[in-house]
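The next block holds one structure in the form of structure tokens; read it before the comments.
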């Protein structure tokens, strides 16, 4: 069996597992599997989004005031950084589909670089929150009468952006592995599912941020 | 289903649209529209997410099955939020003071 699959790799230039009839069936199956995983990710973040909806409904004024403590310039900049990184990821997928290895490696490298820029800005924002005593805990401080509900807002802020940042770190790791594989010429127009699927993951993480940005940064801007 | 290759030009147009929508949602958030602020912000977020899902994630060119799976995720999230809020929003009903 092992020899057949090695032979397959040589004849088709594609890593096709023996349980699939053809490369197309395999591609459909792995794409479907990835989407099912992403649905579980929607529900993973969904708990936090639901908690956000509940507490924002209970304390709308406190959430609006607390959101003003975030730096909207950095938040908007980070949104743009992430959107451009999704574009470079799409370009990398295009490179893998059309057999342009340089475009693939370059696209992946740019995507990782933008991901790191995003994380660096996020770390700086967290540091600002630390300096301003906005991290929930013994040293938390926020003007009355919103001290308690603002603590809830910042708990959700750190939980949601933290979980998102964790996904970004995983994404950067995935893309790093892909760069090595692409460099070694492991992907062809017939076989590049790892690139396509990691792209789906990266875009999904981008979509999460597309919702976090208005929910966390834009809630109370009209009060300014 | 044969793989559909989306040209870079399409990706570029989508990126520009996404950045314009980001600037719009940011600018609009400074205008006081009462409850409409949240509605507009979430509507623009959905528009951006749809662009990413349909073009960048190739849902528009995928099998219907993939679209059903993606929609199922949203639907289940809808159940989670709707049923939770049906509790929180109705807790005060029935106990009117005095």
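Chains as they are written, first to last, in our numbering: chain H, 27 to 250; chain R, 63 to 160.
We treat Cβ as the ideally placed atom computed from N, Cα and C, and that holds for glycine.
Bear in mind the structure is a predicted one, so any value in this text is a computation, not a measurement.
**Request:** Taking only the alpha-carbon atoms, compute the straight-line gap between residue 203/H and residue 96/R and give it to the nearest angstrom.
**Result:** 48 Å
**Message:** To be precise: take each residue of the segment 70-88 of chain R, compare its Cβ to all Cβ atoms of chain H, and keep it if any distance is under 7 Å. Which residues remain?
**Reply:** 70, 73, 77, 80, 81, 84, 87, 88
**Prompt:** With a cut-off of 8 Å, do at least 3 Cβ pairs link the segment 66-77 of chain R to the segment 116-135 of chain R?
**Reply:** yes
**Prompt:** Would you say residue 158/H faces chain R, with C-beta separation under 8 Å as the test?
**Reply:** no
**Request:** Assign residue 97/R to one of three DSSP states: helix, strand, or coil.
**Result:** coil
**Residues that residue 116/R contacts on chain H, provided the C-beta gap is smaller than 7 Å** = Residues of chain H passing the Cβ test: none, with the nearest at roughly 11 Å.
**Prompt:** Using DSSP with H/G/I as helix, E/B as strand and the rest coil, what is residue 68/R?
**Reply:** coil
**Interface partners of residue 209/H on chain R, CB under 8 Å** = Per Cβ cutoff of 8 Å: no residues; residue 209/H is ~22 Å from chain R at best.
**Interface positions of the segment 67-78 of chain H facing chain R (Cβ-Cβ less than 8 Å), listed along the chain** = 68, 69, 72, 73, 75, 76
**Message:** At 4 residues or longer, what runs of the alpha helix (DSSP H) sit wholly inside the segment 206-244 of chain H?
**Reply:** 219-238
**Cβ of residue 38/H within 8 Å of any chain R Cβ** = Because residue 38/H sits at a pLDDT of 47, beneath the cut-off of 50, its placement in the model cannot be relied upon, and the following sentence gives the value as read from the coordinates. No, residue 38/H does not count as interfacial toward chain R.
**Asked** Which whole-angstrom value describes the C-beta separation of residue 218/H and residue 154/H, a residue pair presumed to lie in contact below a C-beta threshold of 8 Å?
**Response** So it is not a contact: roughly 41 Å between Cβ atoms.
**For residue 151/R, three-class secondary structure by DSSP** = coil
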